[in-house]
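Participant:
Here it is, written out as structure tokens:
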């Protein structure tokens, strides 16, 4: 996406293309041979709107976004560009935060923290399965059990996950801790990659607090993939929330 100043009509955007076409070409050549790749340079006054517009026009099923691991703005979880895309893009999404210590680290061990059920969890297991097959990597499914919670839930997780259709061959680890994020980050240092589904918390909570996956990604030194499944419930909530905001502006 080539950013064009708001004062400049998009019809005159060719002057801002710069090295964008060359960059897109280099990126395309890095993709594994044999995969069909189509390069597109899009102009826009706002990067997030341009990405969302492209997703809708191309009827995209799966969007991959890169993240540096922090936000320069206080009120944005992942930044002013990524936050709107993650909320509004009508497709499944994976956000990739690269390894801070060794971006070329060989993927031999993958950690997938999970809890409960939900569309995000199932998509995360599907992504883990694909990556583990591609790299012949070992997979650990992690569940952090709060000390006050019934031990039977941990047994259910240990016995139930390997039998799920979307789950790859894996080992299941259950640890007891009241410090969820810290425990997952500590376990992540023993692995080469972390794949985690988006939080299943209520939309209201997500509007007020940084979610657990985002907190893990910010603190974890390894490559982190955060996976988000597009759901009909979320779409209906966004429409409802948009109406509420419009009423507030009129008041």
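In my numbering, the protein residues as written are 11 to 261. All C-beta atoms in this analysis are idealised placements derived from N, C-alpha and C, irrespective of residue type, glycine included.
1. Can you tell me which of 132, 145, 157 and 91 puts its alpha carbon nearest to the alpha carbon of residue 151?
2. Does the distance from the CB of residue 237 to the CB of residue 130 come in under 8 Å?
3. So residue 130 is in the alpha helix (DSSP H); what residue range does that whole segment cover?
4. Output the boundary residues of the alpha helix (DSSP H) element that contains residue 66.
5. How close, in whole Å, do the beta carbons of residue 120 and residue 202 come, if the pair is a contact with beta carbons under 8 Å?
6. When you compare each of 193, 99, 46 and 157 to residue 66 by their alpha carbons, which one comes out closest?
7. If you scan the region 104-130 from start to end, which runs of the beta strand (DSSP E) of 3 or more residues do you find wholly inside it?
8. Going by beta carbon distance, what residues of the same chain come within less than 8 Å of residue 241, once the five residues before and after it are set aside?
9. If you reduce the DSSP assignment to three classes, tell me which class residue 188 lands in.
10. Please determine, among 224, 69 and 235, the residue with the shortest C-alpha to C-alpha distance to residue 80.
11. Can you tell me the Cβ-Cβ gap for residue 232 and residue 198, rounded? I've got them flagged as a contact below 8 Å.
12. What number of angstroms, rounded off, separates the C-alpha of residue 108 from the C-alpha of residue 77?
13. Cα-Cα, which of 122, 13 and 180 is closest to residue 153?
14. Kindly identify the DSSP beta-bridge partner or partners of residue 90.
15. Check each candidate in 222, 140 and 54 and name the one with the smallest Cα separation from residue 179.
16. Given a threshold of 16 other Cβ atoms within 10 Å of its Cβ, counted over all protein chains shown, does residue 114 qualify as buried or as exposed?
17. Thinking just about the alpha-carbon of each residue, which of 148, 46, 50 and 55 is nearest to the one in residue 14?
Facilitator: To lay it out plainly:
1. Of the residues 132, 145, 157 and 91, the one whose Cα lies closest to the Cα of residue 151 is 132.
2. Against a cut-off of 8 Å, the Cβ pair of residue 130 and residue 237 comes out as a contact.
3. 129-145 is the span of the alpha helix (DSSP H), which, as asked, contains residue 130.
4. Run containing residue 66: 57-68, per the alpha helix (DSSP H) assignment.
5. Contact flag correct, Cβ pair sits at about 7 Å.
6. If we check each option's Cα against that of residue 66, 99 comes out closest.
7. The region 104-130 contains these whole beta strand (DSSP E) runs: 119-123.
8. So the list reads 129, once near-sequence residues are dropped.
9. Residue 188 falls in the coil class under three-state DSSP.
10. Answer by Cα proximity: 224.
11. Yes, they are in contact, since the Cβ atoms of residue 232 and residue 198 sit about 5 Å apart, within 8 Å.
12. If you draw a straight line from the Cα of residue 108 to the Cα of residue 77, it is about 8 Å long.
13. When each option's Cα is compared against that of residue 153, the closest is 122.
14. Answer is none; residue 90 lacks a bridge partner.
15. That would be 140, whose Cα lies nearest to the Cα of residue 179.
16. By the 16-neighbour rule on beta-carbons within 10 angstroms, residue 114 is exposed.
17. For residue 14, the nearest C-alpha among the options comes from 55.
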